[in-house]
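Notes to accompany the following structure.
Residue numbers (the working numbering): 3 to 174.
Listed below in structure tokens is the structure:
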């Protein structure tokens, strides 16, 4: 457990996690180690920070509540126990990560996470092997390519942007 001074305007903690404030939005910084298998992000959290789940090896499921607007794929880094992430309809941005060659083993492990995106989410959706962001002009941005097989890479016809890091898993 972390105790944050009540006078601290940048950080706050509860019994489960440490949070910061970024441009007036609450950001999840670190989930404390516990025996819980599921972590439901509090409603007042808007941003899921990088590596915030690294400290809790018991977690299997993450549920992003309706307040979450931004999710960083890197939040799952250094935690191989998480196998499901539920993304609410409020999540507008899904930031994928760029991995160098030395980090490919980590990424290959993370590809096994199942991402469930609320069907009512107007900003993000998932097809069989990818996560896309819907852009203002109605076209799509590929944010994470998860196909782990052999063969051709298939993108949706309306894809206009290939996001940075979306193909990090592929070596060619």
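For glycine and all other residues, C-beta sits at the position ideal for the given N, C-alpha and C.
Selected residue, minimal CA-CA separation from residue i, among the options
i: residue 85; options: 117, 56 and 77; result: 117
i: residue 78; options: 38, 122 and 33; result: 33
i: residue 66; options: 51, 136 and 60; result: 51
i: residue 40; options: 130, 87 and 131; result: 87
i: residue 4; options: 134, 155 and 15; result: 15
i: residue 162; options: 114, 141, 81 and 125; result: 141
i: residue 145; options: 154, 155 and 133; result: 133
i: residue 38; options: 64, 20 and 21; result: 64
First and last residue of the uninterrupted beta strand (DSSP E) at residue i
i: residue 126; result: 126-128
i: residue 62; result: Residue 62 -> no beta strand (DSSP E), and no H or E assigned at all.
i: residue 149; result: Counting along the chain, residue 149 falls outside any beta strand (DSSP E), and DSSP gives it neither H nor E.
i: residue 132; result: 132-136
i: residue 117; result: 116-119
i: residue 96; result: 95-97
i: residue 22; result: 19-24
i: residue 13; result: 13-15
i: residue 162; result: 161-164
CB contact flag (residue i, residue j, <8 Å)
i: residue 91; j: residue 71; result: no
i: residue 167; j: residue 143; result: no
i: residue 28; j: residue 48; result: yes
i: residue 31; j: residue 54; result: yes
i: residue 75; j: residue 98; result: yes
i: residue 115; j: residue 125; result: no
i: residue 6; j: residue 13; result: yes
i: residue 61; j: residue 81; result: yes
i: residue 120; j: residue 89; result: yes
i: residue 147; j: residue 169; result: yes
i: residue 58; j: residue 36; result: yes
i: residue 182; j: residue 158; result: Here the chain has residues from 3 to 174 only, and residue 182 is not among them.
Which ranges does the beta strand (DSSP E) cover as unbroken runs of at least 3 residues, wholly within the segment 27-91, from first to last along the chain? Segments of the beta strand (DSSP E) lying fully in the segment 27-91: 27-33, 40-42, 47-50, 63-65, 72-74 and 86-89.
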